[in-house]
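Enquirer:
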Amino acid sequence: MKSVKIRKVGSSNVLTVPHEIHPKYDTFDVFEGRDGAIIYLPKKSNPFTDPKYIAAHSGSELDEGFEVDADEFE
């Protein structure tokens with residue numbers, strides 16, 4: 083396990099990713115967890131706001147009588 087220290091860069095706090103770690107993603111959502119833990123999760127697209135996903139699944143029997151405005155979820 084590697085340890086890193088928070089550095090101040092301008093008005094931001096920065097955590098460096100050690101060179102032994104090779105991230106598969108370049109964008110992450112960041113959350114503050116319990117007891118001050120910092121949690122980084124890969125940013126994934128929301129299929130319910132993705133026009134391609136909506137078009138591919140439009141008209142399925144589950145859509146019957148169900149109207150959703152995708153702009154509500156942004």
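Under the working numbering, the first residue of the sequence shown is numbered 83, with each subsequent residue one higher. The C-beta atom is built at its ideal place from N, Cα and C for all residues, glycine as well.
Consult DSSP for Glu-114 and reduce its assignment to one of helix, strand or coil.
Expert: To locate residue 114, count along the sequence shown from 1; it is residue 32. In this structure, Glu-114 counts as strand in the three-state DSSP scheme.
Enquirer: Would you call the segment 122 to 130 in contact with the segment 95 to 113, where contact means no fewer than 3 C-beta pairs closer than 8 angstroms?
Expert: yes
Enquirer: Report yes if the C-beta of Ser-94 is less than 6 angstroms from at least one heavy atom of the ligand FMN; otherwise report no.
Expert: Among the components modelled here there is no ligand, and therefore nothing to report on the ligand FMN.
Enquirer: How big is the Cα-Cα spacing for Ala-138 and Asp-132?
Expert: Start at 1 with the first residue of the sequence shown, and residue 138 comes out as number 56. Start at 1 with the first residue of the sequence shown, and residue 132 comes out as number 50. Each residue's Cα considered, the two are about 10 angstroms apart.
Enquirer: In whole angstroms, give me the CA-to-CA distance for Ser-94 and Glu-154.
Expert: As a first step, residue 94 is located in the sequence shown; it is residue number 12 there, counting from the start. As a first step, residue 154 is located in the sequence shown; it is residue number 72 there, counting from the start. Looking at the two C-alpha atoms, the distance is approximately 30 angstroms.
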